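Going by UniProt numbering, the first residue of the sequence shown is number 1, and it counts up by one from there.
Where a beta carbon is used, it is the ideal one built from N, C-alpha and C, also for glycine.
Model, not experiment: these values are computed from the prediction.
In what follows, a structure is listed as structure tokens, so that the remarks can point back to it.
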Amino acid sequence: MAFAVSNYVYRESNYTSIDNRIVRVRAWDRNSQIERTKMALRSAVTSLEYFEQLLDMAYPMDKLDLFDAIDMGSDGAMENPGLITFTQYLYQYGRKWDEWHDKVMVANTVAHEVAHQWFGNLVTMKNWGELFLNEGFATLLSYYPLPLLITCDNEWEMSKDDYIYDVSDALKDDLSNTTRPLSSTVDDPENGLRNEVLFDTIDYGKGSSILRMFENVMGHENFINGLKLYLKTHKYDSADHYDLLKALAKGGSRTVSWKGGSMSLYQFANPWIVQPGFPLVIVDRVNDTHVQLKQKRYIGSWYGSFETSEQWAIPIWHQINGTDQPMLIIKDNSTLLPLGLNDILIVNPDYYGFYLAKYGDDELAKLRATLLSNQEIIRPKGRVKLITDSFQLANDGHLSYPLALDLLKYLPNEDHPLPLLAALEALNGIEENLVREQDRKYIAVRFLIYII
1 MAFAVSNYVY RESNYTSIDN RIVRVRAWDR NSQIERTKMA LRSAVTSLEY
51 FEQLLDMAYP MDKLDLFDAI DMGSDGAMEN PGLITFTQYL YQYGRKWDEW
101 HDKVMVANTV AHEVAHQWFG NLVTMKNWGE LFLNEGFATL LSYYPLPLLI
151 TCDNEWEMSK DDYIYDVSDA LKDDLSNTTR PLSSTVDDPE NGLRNEVLFD
201 TIDYGKGSSI LRMFENVMGH ENFINGLKLY LKTHKYDSAD HYDLLKALAK
251 GGSRTVSWKG GSMSLYQFAN PWIVQPGFPL VIVDRVNDTH VQLKQKRYIG
301 SWYGSFETSE QWAIPIWHQI NGTDQPMLII KDNSTLLPLG LNDILIVNPD
351 YYGFYLAKYG DDELAKLRAT LLSNQEIIRP KGRVKLITDS FQLANDGHLS
401 YPLALDLLKY LPNEDHPLPL LAALEALNGI EENLVREQDR KYIAVRFLIY
451 II
């Protein structure tokens, strides 16, 4: 429970809930700042209406207040029932120097905290070790109302795929041999473990990424129907991930099917929640007509060599020669995929799966040649995935930097912001390392000039 005492003023709006109540929404701030709360207020009302319709569950209170707490430190914002508090920069929009990404940040933050009114407040996780049931869902759902809030075409084009950064950041933070799974045991969260172990990229980024993967495996409608049942069953109560999977199966789909096989939703989903880390999918040519897709747990090379037993049912979304193919699943250690010698394969081109892909020399050479000759065969997000995966593999000691850098030779012809931003971020890290060695500084600078 939270209270706020201030001499703030407010802007007010309201909407009619799906159970025909008038819900009052107010944005509070200092009188000199109140005009900058318009975006937050609109985002709150729009998100409340959207989530009520999506989840078929009314917001349970008669009011929602948004409050400028000025500086909440690393917390950023807090989803107290009926009173959401914000750090100022995540709440205000309207200064003359604000840009489109400030608008997106405010809209996304407000939507995240509003989503918590269902996932976290209405239904709470049973134990701190499954915090992803709060934060993962709020992060996932925070992107849903954005098309209604970011209506400028250019701004929407720049922000519609922002979720890929959640995936990439989580993959970078989940590669150690000691990383924890989404479902873990936390014995004493109030005695130091709460900040050190919880509320990190695992709960937010990995949690939302795994849930998004479930959504795309099940289909959006089945996934949402499962969430409706989850909320209805556990309203004003607590739940664990087993309760979630039961609801997804009963309300959505009990089985996961693909050409050549099927398995229960529980068999598919549970290992992604209870096992630490994530898989690497290795794509290697085995003959003139097939490639092998093989899995193993991904661990950064500097952690040493480890024998691990983790195995996942990995959904493989893929394109061949620019055409989307039916999803398949690596159920065991490996599977074969028909692919001609001249065919171009890109794995996970939409970031739906939580894994990295490593291509053998032949397949990587074809991808590099495709980027140079006709990059549009690979969609923009697929080009981002190829760049980010390759540089993470290189940074972690699993791919040579020359091979990763060769992929960027096509960039002078790139005109989409997402691959350009991904390349700049990748280069930023290695450029910092190169310029520390003066004899390599000239090479680094010349390469960056060539790319730009």
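Are the beta-carbon atoms belonging to residue i and residue j less than 8 angstroms from one another?
{"i": "I210", "j": "I273", "result": "yes"}
{"i": "N177", "j": "F306", "result": "yes"}
{"i": "V217", "j": "V167", "result": "no"}
{"i": "T87", "j": "H112", "result": "no"}
{"i": "L328", "j": "V291", "result": "no"}
{"i": "S47", "j": "V110", "result": "yes"}
{"i": "D284", "j": "G353", "result": "no"}
{"i": "D350", "j": "W312", "result": "no"}
{"i": "S142", "j": "N108", "result": "yes"}
{"i": "W28", "j": "S6", "result": "yes"}
{"i": "L280", "j": "K358", "result": "yes"}
{"i": "P338", "j": "T370", "result": "no"}
{"i": "L418", "j": "D102", "result": "no"}
{"i": "A239", "j": "K126", "result": "yes"}
{"i": "A170", "j": "F67", "result": "no"}
For a test of the three-state rule: what should DSSP assign to residue i, helix, strand or coil?
{"i": "E99", "result": "coil"}
{"i": "R24", "result": "strand"}
{"i": "G205", "result": "helix"}
{"i": "K331", "result": "coil"}
{"i": "G76", "result": "coil"}
{"i": "Y266", "result": "helix"}
{"i": "L193", "result": "Unreliable placement is indicated for L193, whose pLDDT of 48 sits below 50; no coordinate value is reported for it."}
{"i": "W258", "result": "strand"}
{"i": "I282", "result": "strand"}
{"i": "I210", "result": "helix"}
{"i": "N395", "result": "helix"}
{"i": "T16", "result": "strand"}
{"i": "V9", "result": "strand"}
{"i": "S168", "result": "helix"}
{"i": "T323", "result": "strand"}
{"i": "P60", "result": "coil"}
{"i": "L245", "result": "helix"}
Shortest alpha-carbon distance to residue i belongs to which of the options?
{"i": "S301", "options": "A4, P279, L393 and V123", "result": "L393"}
{"i": "D415", "options": "V384, N428 and L427", "result": "V384"}
{"i": "S184", "options": "I164, L131 and N222", "result": "L131"}
{"i": "L245", "options": "Y236, W258, A27 and N222", "result": "N222"}
{"i": "S74", "options": "V110, D200, L341 and L371", "result": "D200"}
{"i": "R254", "options": "G260, H241 and F268", "result": "F268"}
{"i": "E376", "options": "D169, L356 and N413", "result": "N413"}
{"i": "Q325", "options": "S13, V347, K294 and E310", "result": "V347"}
{"i": "Y50", "options": "L149, D169, L66 and S238", "result": "L149"}
{"i": "P402", "options": "F391, Y410 and L280", "result": "F391"}
{"i": "F137", "options": "G304, L405, E215 and R368", "result": "E215"}
{"i": "E310", "options": "R11, L265, G340 and P181", "result": "P181"}
{"i": "V25", "options": "I70, L83 and G76", "result": "L83"}
{"i": "V23", "options": "Y8, E35, L41 and L293", "result": "L41"}
What residue range is occupied by the uninterrupted alpha helix (DSSP H) comprising residue i?
{"i": "Q53", "result": "K38 to L55"}
{"i": "E135", "result": "F132 to L141"}
{"i": "D406", "result": "Y401 to D406"}
Quick one: give me the first and last residue of the beta strand (DSSP E) that residue i is part of.
{"i": "K358", "result": "L356 to Y359"}
{"i": "Q295", "result": "H290 to R297"}
{"i": "T124", "result": "V123 to M125"}
{"i": "Q319", "result": "H318 to I320"}
{"i": "N222", "result": "Unbroken run through N222 is the alpha helix (DSSP H), H220 to H234; no beta strand (DSSP E)."}
{"i": "T178", "result": "First-last for T178: undefined, no H or E at that position."}
{"i": "I84", "result": "L83 to F86"}
{"i": "D237", "result": "D237 to A239"}
{"i": "L345", "result": "L345 to V347"}
Can you tell me whether residue i sits near the ligand SAM, meaning its C-beta is under 7 angstroms from at least one heavy atom of the ligand?
{"i": "L405", "result": "For the structure depicted, the ligand SAM is absent and the ligand set is empty, with no information on it obtainable."}
Decide if the segment 85-104 is in contact with the segment 50-58; the criterion is three or more beta carbon pairs, one per stretch, under 8 angstroms apart. No: fewer than three Cβ pairs fall under 8 angstroms.
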